[in-house]
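Residue numbers (the working numbering): 98 to 168.
Cβ atoms here follow ideal geometry from the backbone N, Cα and C, with glycine treated the same way.
Some notes on the structure that comes next.
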Amino acid sequence: MGSTVLSLRMDGELLDRLRRHAARRGMSVQDYVVRTLVRDDFDERFNAAVDETEKFYGADPRQAGRADRVT
């Protein structure tokens, strides 16, 4: 899979926070932002899959012992 450039305009304070978060993890800001977006996309797809599975099997989400979703 190839890559594409995305240019963002953001508040300086937000960029400073992103730099701090990335530095704590030993990452570049670019890698930190991409990783965060990938994780968020996975969480959304995972929750959609859980919803579809529950619809298919007719599971009641209030059942005891149900695994919590990724949030």
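Check                                                                 : Outcome
Nearest-angstrom Cα separation, counted from Ala120 out to Asp113     : 10 Å
Cβ-Cβ distance between Tyr129 and Leu111 below 8 Å                    : no
Secondary structure of Thr133, DSSP reduced to three states           : helix
DSSP three-state assignment for Arg117, whether helix, strand or coil : helix
Ala145 versus Asp108: straight-line alpha-carbon distance, rounded    : 32 Å
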